[in-house]
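Since the structure comes first, as C-alpha cells, the remarks are kept for the end.
Number of protein chains: 2
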Amino acid sequence: MPRAVREQQMMDAAVRIFGQRGFRAASMDEIAELAGVSKPLVYLYLNSKDELFSACIARESKALVAAVQAGVQPGLPADRQLWEGLRAFFTHTAENPDGWAVLYRQARTHGEPFAGEVNVMREEIVAFVTGLIGAAAREAHHDPALPDRDVTGLAQALVGAAEALAGWANETPGVSAKEAAATLMNFSWAGLENLMNGRPWQPQGQSSPSSR
Amino acid sequence: MPRAVREQQMMDAAVRIFGQRGFRAASMDEIAELAGVSKPLVYLYLNSKDELFSACIARESKALVAAVQAGVQPGLPADRQLWEGLRAFFTHTAENPDGWAVLYRQARTHGEPFAGEVNVMREEIVAFVTGLIGAAAREAHHDPALPDRDVTGLAQALVGAAEALAGWANETPGVSAKEAAATLMNFSWAGLENLMNGRPWQPQGQSSPSSR
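Chain order of the listed sequences is W and F. full-length UniProt numbering puts the first residue of the first sequence at 1, with every later residue one more than the last. full-length UniProt numbering puts the first residue of the second sequence at 1, with every later residue one more than the last.
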C-alpha cells in the first residue's frame, strides 16, 4: 500500500480518537490499532503525538475551508450566497463531528502551537466572509455605506455565531445541519441586509448605537 | 492588612499576568512582585499556580455574569433590553481586558479543569440569554411561535457572536465598547425581531430554511 494512503488511514484514525477522547487521553496504541498498522509505523510516518495532532489540525482545517468556499456560489444574490455557505459549513461539521471537535474543542484547549494553528484557519474564514459581506454591501449600495472595520466586525460576529452553533448542534440530539443553518440564516440575514442598505437599528430612546 | 484584601491584591496581579503572558509563561515570582507580597505568601494563601488560575477564572466569570445581568433591565422593550445587555457586556470586557483574556483565551487553551470551569460560566450566560429571548418571543406572539430548541440555538449564536466580537474589539485599536455593541445589535436585532413575530427569512429559490 502506498505511503500516502497509509498516512491518510492513520490520520483518519487519529482524528477519530483525538476528537472523541481528547488530545491527552488519546493513545498512540489505540490510533495504530484503529488504523490497522503497528505503532512504530505511526511514529515512523508522523514522528510524534504532537506532530500527528498538528497534521490532523492542518488536514481538517483545509477540508473545512474548502467545503465553505465550494458552497458559496458567486453570482447568486447575497442572501442565497449566505444560505448556501451556511449550509455547506453546517453540513461539513455535522458529517465530520470528530474533525470539528479536533478544531473547535481540542486544538483550542491544549495551548500552543495547536491554538495558533487553528487560529490561522479561523482568520482565513473571517477574511473570506469579510470579502463576501463587503462585496454584497458595495453591490447593494453604491456608496461604501459600511466602513471596512464594520464589515470585519460583522464577519467576526457571523463566524463566532457559526462556531458556537456547530458545537451546540453536534452535541444536541436531533438538530440537523439544515436546522442549524436556518437558525443562523434567520438570526443574521435581516440585520446584514438592513446594514448593507444603510438602515441600522434605531432605538426609540435616548442613546443611538450608530452615533459614535 | 486583612487576608481577604491581600488575596484580592494577589488575584488582581494574577489576572494581569495570566491575561498578558498566558498561563504557562506567567511566573509566580512576577505575580508576587506585582502584588507587593512574598512568593511564599501567595502559595500560603492560594496553594499553587493551578489553584490561583482557577480562582482567577471563578472571580472573573462571576464579575462578567453579574455585569451582564445588571445591564439588562426587565420591563424595557426587547430591543432596549438587548441593547443594554450588549453594552454592559462589551463595556465590561473592554474595561477588564486581562480578565476577558483569562476567560476567553487562556482558560480555554490549557485543557482541563480550566476549560470546564469557563464552560460553566458560558452555560450560565446562554441560559440567561435563552430566558430573555423566550420571554420576548412569548410577549411578541401569544402562540409559542419559537420552539424552545430554536430559542436555545439563537442564544448560542448570540453568545458566540459576542465572544468573537469582544476578542476582536480588544485586539483592534480604536474599537470602542459602544461600537462593538452597535455592531452586534445591528447584526442580531432585525433577525430576532422577525423570528419573534413569526417572520422567518424566505428564499426566492427552491429550498426553504423553515421547512424541516
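Each residue gets a CB set at the ideal place from its N, CA and C atoms; glycine is no exception.
- Taking a Cβ-Cβ cut-off of 9 Å, the neighbours of F/Phe187 in chain W comprise Gly153, Leu154, Ala157, Leu158, Ala161, Phe187, Ser188, Gly191, Leu192 and Leu195, given in sequence order.
- Taking CB atoms only, W/Arg6 has no neighbour in chain F less than 7 Å away.
- Rounded to whole angstroms, F/Asp12 and F/Gln20 show a C-alpha spacing of 12 Å.
- The Cβ neighbour count for F/Asp148, taken over all protein chains shown within 10 Å, is under 16; the residue is labelled exposed.
- For the UniProt domain "HTH tetR-type" (4 to 64) of chain F, the residues whose beta carbon sits under 7 Å from a beta carbon of chain W are, in order, Arg24.
- For F/Ala181, the closest C-alpha among the options F/Ala66, F/Arg87 and F/Pro200 is that of F/Arg87.
- Between F/Asp79 and the set F/Phe187, F/Ser38, F/Ser54 and F/Gly116, the nearest pair of CA atoms involves F/Phe187.
- With a 10 Å radius around the Cβ and a threshold of 16 neighbouring Cβ atoms, F/Ala66 comes out exposed.
- Residue contact with chain W for F/Arg108: present (Cβ-Cβ distance below 7 Å to some residue of chain W).
- Listed along chain F, the residues sitting closer than 7 Å to W/Pro200 by beta-carbon distance are Asn186.
- Secondary structure note for F/Glu95: its alpha helix (DSSP H) is the uninterrupted segment Ala78 to Glu95.
- Straight across, the Cα-Cα distance linking F/Ala177 with W/Leu41 is about 53 Å.
- Counting C-beta pairs with one atom in each stretch, the region 33 to 48 of chain W and the region 99 to 115 of chain W have fewer than three that are closer than 8 Å, which means they do not touch.
- For F/Met185 and W/Ala94, the gap between their C-alpha atoms comes out near 29 Å.
- Neighbours of W/Trp168 in chain F, taken as residues at a C-beta separation under 7 Å, are given in chain order as Gly153 and Gln156.
- For the C-beta of F/Thr183, the chain W residues within less than 8 Å are, from N- to C-terminus, Asp150, Gly153, Leu154 and Ala157.
- Cβ neighbours of W/Trp189 within its own chain (closer than 7 Å, five residues either side excluded): Asp79 and Leu82.
- By the 16-neighbour rule on beta-carbons within 10 angstroms, W/Gln156 is buried.
- Following the DSSP letters along the chain, one finds W/Tyr45 inside the alpha helix (DSSP H) bounded by residues Lys39 to Leu46.
- At a cut-off of 7 Å between beta-carbon atoms, W/Leu103 makes no contact with chain F.
- Not flagged as an interface residue toward chain F: W/Gly99, since no C-beta distance is shorter than 7 Å.
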